[in-house]
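Sequential numbering from 750 applies to the sequence shown in my numbering. Cβ atoms here follow ideal geometry from the backbone N, Cα and C, with glycine treated the same way.
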Amino acid sequence: MADGIGVVVLLFASVREKVGRGKLELRMCEGSTTSDLLAALAQQHPALAAVLPSCALSVNRRYLSTEQVALSDGDEIAVIPPVSGG
């Protein structure tokens with residue numbers, strides 16, 4: 750797809766383990782939001798569907814307080830699952 754935007758998605762911890770790698774490069778439609786990105790990730794990697802709603806997101810190294818942020822070409826989005834353990 751020549752149109753749209755390209756984003757880099759960095760995956761950490763259990764999310765990275767479920768996908769099998771720590772970095773994805775995705776093409777998204779112009780005007781896509783982080784919410785659209787999460788939906789695309791869940792569709793492409795169904796094992797992520799249950800954990801994505803509880804993940805923290807950062808866009809270009811800035812943590813988000815909401816998942817409705819517009820994405821731009823070249824953005825880097827980190828998907829960080831909740832920390833657990835003891």
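**Prompt:** So what does L773 bridge to, in DSSP terms?
**Reply:** By one-based count along the sequence shown, residue 773 stands at place 24. Per DSSP, V758.
**Message:** Considering only DSSP beta bridges, list what T782 is partnered with.
**Reply:** By 1-based counting over the sequence shown, the position of residue 782 is 33. Partner(s): A819.
**Request:** Could you have a look at V768 and say whether DSSP puts it in helix, strand or coil?
**Result:** Counted from its first residue, the sequence shown places residue 768 at position 19. Three-state result, V768: helix.
**Request:** Evaluate P830 with the Cβ neighbour count: other Cβ atoms within 10 Å of its Cβ, from every protein chain shown; 16 or more gives buried, anything less gives exposed.
**Result:** On the sequence shown, residue 830 is found 81 positions in, with the first residue counted as 1. Under this definition P830 is a buried residue.
**Request:** Note down the Cα distance separating K767 from P802, rounded to an integer number of angstroms.
**Result:** As a first step, residue 767 is located in the sequence shown; it is residue number 18 there, counting from the start. As a first step, residue 802 is located in the sequence shown; it is residue number 53 there, counting from the start. So the two alpha carbons sit approximately 15 Å from each other.
**Closest by C-alpha distance to V764, when choosing among Y812, L786, V800** = The residue given as residue 764 occupies position 15 in the sequence shown. Nearest option by C-alpha distance: V800.
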